[in-house]
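Report on the following structure.
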Amino acid sequence: SEEIIEQGYDGELKIILLGEVFTGKTSLINAYTKEKFNPEVNTTTSPSYFSKLITVGNQTILVNIWDTAGQEKFRSMNKIFIKKSNIVLFIYDITRKKTFKELSFWVKYVENCIGKDNIIFCVVGNKLDLFDKEEELKQKNFEFDLVDTEEAREFANNIGAEYLETSAKESGSAFVKFLDKIIGQYVEKYMNFVKNNKEKKGIQLDDDKDLSKQKKNKCC
Ligand code: GDP
Ligand code: MG
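As structure tokens, this is what we get:
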């Protein structure tokens, strides 16, 4: 947004959340960008993205998060978004094993688009607040087939991903902390900045423009 451009930033990275419908992807993004839970999430079908500036060390990073907003139903995520992503979060609902099993599909989908170089994978089990709500959920005619934490952790290990179980509803701040940590790792590992000798300005720095150009050439 205008405000972000005015503040200036040192680097930019893109994050995408993939997984089945109703796993809480939009809610997690809301938790990250607005730090509050909105039970009435928007279910439009056009992809949208959210931006947030975060500080890593003395660098300001513009984080862009893509929300798939419905295309996941059709298994036709736009590959351009995936190719441009630096961090991929694979989301499942801990109360529906089916959504966990489907992650293999999404992992393959991503691996067919891009290699594992210069990318961080994360597996996130959401709706942890519901782990002991079997009766309530069944009364509402929701299925309840809990995902085993160890199995999920092992799955994450096997694909070289970081792992987190969380609740967008009740522990949004834990998710914020997790994602900030991952972003910090990414910046440290893959983004080389010329430190010290430049000052942030009210506009995007020239170096950043070069960085995004390089990225575009590499990806597409
Ligand atoms: P998406 O389709 O993956 O984007 O999922 P949404 O973010 O739209 O969430 C689907 C439904 O699950 C909505 O009714 C949310 O309010 C609810 N939801 C999302 N995260 C949580 C959570 O952590 N706990 C609980 N109890 N409900 C959640
Ligand atoms: Mg959504």
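Following the numbering used here, the numbering of the sequence shown begins with 39 at its first residue and continues without gaps.
Just so it is clear, CB atoms sit at the ideal spot from N, CA and C, and this is done for glycine as well.
None of these values were measured; they are calculated from a predicted model.
| Query | Result |
| --- | --- |
| Where does Leu55 fall in DSSP's three states? | strand |
| Using 8 angstroms as the Cβ pair cut-off and three pairs as the minimum, do the region 53-67 and the region 130-140 touch? | yes |
| Cβ atoms of Ser114 and Lys52: under 8 angstroms apart, would you say? | no |
| In the DSSP assignment, what are the bridge partners of Ile221? | Partner(s): none; Ile221 has no beta bridge. |
| Cβ-heavy atom distance between Thr71 and the ligand MG below 7 angstroms? | no |
| Going by DSSP in three states, Ile120 sits in which element: helix, strand or coil? | helix |
| Using a Cβ-Cβ cutoff of less than 6 angstroms, which residues in the same chain neighbour Asp245 once the five nearest sequence positions on both sides are dropped? | Confidence in Asp245 is poor, its pLDDT being 43 and thus under 50, which makes the residue's placement unreliable; the coordinate value appears in the next sentence. Cβ neighbours of Asp245 beyond the five flanking positions: none. |
| Pull up the DSSP beta-bridge partners for Ile270, would you. | Residue 270 lies beyond the residue range present for the chain, which begins at 39 and ends at 258; the question has no answer from this structure. |
| To which residues does DSSP link Leu66 through a beta bridge? | Its beta-bridge partners do not exist; DSSP assigns none. |
| Compute the distance between the beta-carbons of Ile99 and Tyr47, then report whether it is under 8 angstroms. | yes |
| Any idea if Thr93 is buried or exposed, counting beta-carbon neighbours within 10 angstroms, 16 or more meaning buried? | exposed |
| Contact between the region 145-153 and the region 173-181 is defined here as three or more beta-carbon pairs at a separation below 8 angstroms; is this criterion met? | no |
| In the DSSP assignment, the alpha helix (DSSP H) including Asn196 goes from what residue to what residue? | 187-196 |
| Is the CB-CB distance between Thr61 and Asn164 below 8 angstroms? | yes |
| Would you kindly report the start and end of the unbroken beta strand (DSSP E) that includes Asn164? | 158-164 |
| Does the ligand GDP have a heavy atom nearer than 7 angstroms to the CB of Ala206? | yes |
| Specify the secondary structure class of Leu168 as computed by DSSP and reduced to three states. | helix |
| For Phe112, report the span of its beta strand (DSSP E) as first-last. | Element bounds for Phe112: n/a, residue is neither H nor E. |
| Relative to the C-alpha of Val161, which residue among Glu192, Asn150, Lys215 is closest? | Glu192 |
| Over what stretch of residues does the beta strand (DSSP E) that includes Glu200 continue unbroken? | 200-203 |
| Figure out for me which residue from Asp155, Lys135, Asp170 has the closest Cα to the Cα of Ala190. | Lys135 |
| Glu174 CB to nearest chain C CB: under 8 angstroms? | The displayed structure is made up of one protein chain only, and chain C is not part of it. |
| Leu127 bridges to which residues according to DSSP? | Leu55, Cys160 |
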